[in-house]
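Chemist: Residue numbers (our numbering): 11 to 421.
For each residue, glycine too, the CB sits at the ideal point set by N, CA and C.
From a predicted model like this one, the values you see are computed outputs, not experimental measurements.
#1: Might you give, ordered along the chain, the residues of its own chain that have their beta carbon closer than 8 Å to the beta carbon of residue 319, omitting 5 neighbours on each side?
#2: Thinking C-beta only, is residue 167 closer than 9 Å to residue 232?
#3: For residue 327, does the three-state DSSP call read helix, strand or coil?
#4: State the CB to CB distance for the pair residue 276 and residue 236, rounded to an integer number of angstroms; the pair is presumed to be in contact (CB under 8 Å).
#5: According to DSSP, is residue 161 part of a helix, a strand, or is it coil?
#6: Quick check on the burial criterion: 16 or more other C-beta atoms within 10 angstroms. Buried or exposed for residue 298?
#7: Counting only runs that start and end within the region 136-222, where is the alpha helix (DSSP H) found for 4 or more residues in a row?
#8: For a test of the three-state rule: what should DSSP assign to residue 311, helix, strand or coil?
#9: Would you list the residues sitting across from residue 2 in a DSSP beta bridge?
#10: Are there 16 or more other CB atoms within 10 angstroms of the CB of residue 288, so buried, or fewer, so exposed?
#11: Could you work out which residue in 364, 80 and 377 is closest to residue 200 when comparing CA atoms only?
#12: Beta carbon of residue 280: closer than 8 Å to some heavy atom of the ligand MG?
#13: Determine the direct distance from the alpha carbon of residue 150 to that of residue 144, and round the result to whole angstroms.
#14: Applying the criterion that 16 or more other CB atoms from any shown protein chain within 10 Å of the CB defines a buried residue, is residue 303 buried or exposed?
#15: Near residue 213, what residues of its chain come up, given a Cβ to Cβ distance below 8 Å and the 5 sequence neighbours on each side ignored?
#16: State buried or exposed for residue 219, treating a residue as buried only when at least 16 other CB atoms are found within 10 Å of its CB.
#17: Is it right to say residue 348 is buried, meaning 16 or more other beta carbons lie within 10 angstroms of its own, or is it exposed?
#18: Should residue 381 and residue 338 be called a contact, given that it needs their Cβ atoms to be closer than 9 Å?
#19: Taking Cβ to Cβ, would you say residue 192 is nearer than 9 Å to residue 174?
#20: Any chance the region 125-140 sits against the region 389-399, with 3 or more Cβ pairs inside 8 Å?
#21: Quick one: grab the DSSP three-state call for residue 282.
#22: Could you have a look at residue 45 and say whether DSSP puts it in helix, strand or coil?
#23: Can you tell me where the alpha helix (DSSP H) with residue 395 in it begins and where it stops?
#24: Quick one: give me the first and last residue of the beta strand (DSSP E) that residue 274 is part of.
#25: When you compare each of 292, 269 and 310 to residue 77 by their alpha carbons, which one comes out closest?
#26: Using a Cβ distance threshold of 8 Å, determine whether the region 247-267 contacts the region 305-324, with at least three qualifying pairs required.
#27: According to DSSP, what are the bridge partners of residue 405?
#28: Please return the same chain residues whose Cβ sits closer than 8 Å to the Cβ of residue 44, not counting the five positions on each side in sequence.
#29: Using CA atoms only, rank isn't needed, just tell me which of 39, 63 and 30 is closest to residue 16.
#30: When the Cα atoms are used, what is the spatial distance from residue 87 to residue 25?
#31: How long is the line joining the alpha carbons of residue 402 and residue 376, rounded to whole angstroms?
#32: Between the alpha carbons of residue 195 and residue 222, how many angstroms are there, rounded?
#33: Quick check on the burial criterion: 16 or more other C-beta atoms within 10 angstroms. Buried or exposed for residue 19?
#34: Nearest by alpha-carbon distance to residue 286: which of 60, 21, 27 and 170 is it?
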């Protein structure tokens, strides 16, 4: 037992049964049948939690304000009732109080672009398996002057590469605008806070907070996952460092970081209708921009954005939709079947499979998707992804015709 029971806030489903021990779920890797990313034989704990909450308190999901903090490891193995008897405070986090607005002159290029209302384009680059910074710079070179920022992944898929913080610092030093991805899988809250300070000191101005893929999906399945935090508690801590100038412990920082803080969302996996509540939690915890999983299904994205607009979340955070391309229908089908969290409609697969040049057809679909997304109210931009496809991604961005399009709305 964790000693910090939150069953009343989780529909009587214990989050300690989550393979990632998430206190604010679900993650973005829920399988199409509602089962766990890590343990496919088990239903997602957070799918059960949401179903239980609907039975117990149907109105709760309409106002998801309870942000549950990370586990206090000192209380593991103790009874939650002891802490109730002793009058310990409720474990729910409070949303950050206000926001320390960075003066426009000090805002990074990505934040300025988002706030301007212009259609934003970011791209994802995986750090290399190399100690030579030139290898990384060569991967980033096609995007120089073409995108608003370059996301640097943090052990995506549970695989080992150059560290995200180092790669982000290298790009910043060479005139790029990196988004430092921070996954909770490999480091505890002490190490993560130190990395955030270090990244800021080295010129990094944007971070993306993720829970992270499990180690079982990667090339070191024998490694021990940490998951001391989840994305929501990490967001809350990062905003506290920026806004209040404090560590999670409450100790004051001499010079707080100035960071544009983001999070992720996945509208394309269960529990579909309730994904919006998880997004709202992340915005309440401090996310100022959101990047989604691959969008291959415009109808699902359109429905998700309708819910976003109903709750006016697009007025509180910039929604950047993930798009991408692969070289063939076979490669895309493999990703849909083996990468938890990716949804690809059969009709799209059939269109690529029927093409004489599958790579060109996949590229064209990506361009069409970007152009369609630009017309959806509340979409602030796109995040372009494609493993080992940097040259094609640069072509897509150049050819989509939206690089400098101005939007009517800005946050």
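Modeler: Based on what the coordinates show:
#1: 387 and 388
#2: no
#3: coil
#4: At roughly 22 Å, the Cβ-Cβ gap does not stay under 8 Å, so residue 276 and residue 236 are not in contact.
#5: strand
#6: buried
#7: 143-150, 174-183 and 199-211
#8: helix
#9: Coverage of the chain is limited to positions 11 through 421, which leaves residue 2 absent and any answer about it impossible.
#10: buried
#11: 80
#12: Of ligands this structure carries none, so the ligand MG is not represented either.
#13: 10 Å
#14: buried
#15: 179, 182 and 183
#16: buried
#17: exposed
#18: no
#19: yes
#20: yes
#21: helix
#22: strand
#23: From DSSP, residue 395 is part of no alpha helix (DSSP H) but of the beta strand (DSSP E) over 389-395.
#24: 270-275
#25: 292
#26: no
#27: Its beta-bridge partners do not exist; DSSP assigns none.
#28: 53, 54, 57, 280 and 281
#29: 63
#30: 15 Å
#31: 11 Å
#32: 6 Å
#33: buried
#34: 60
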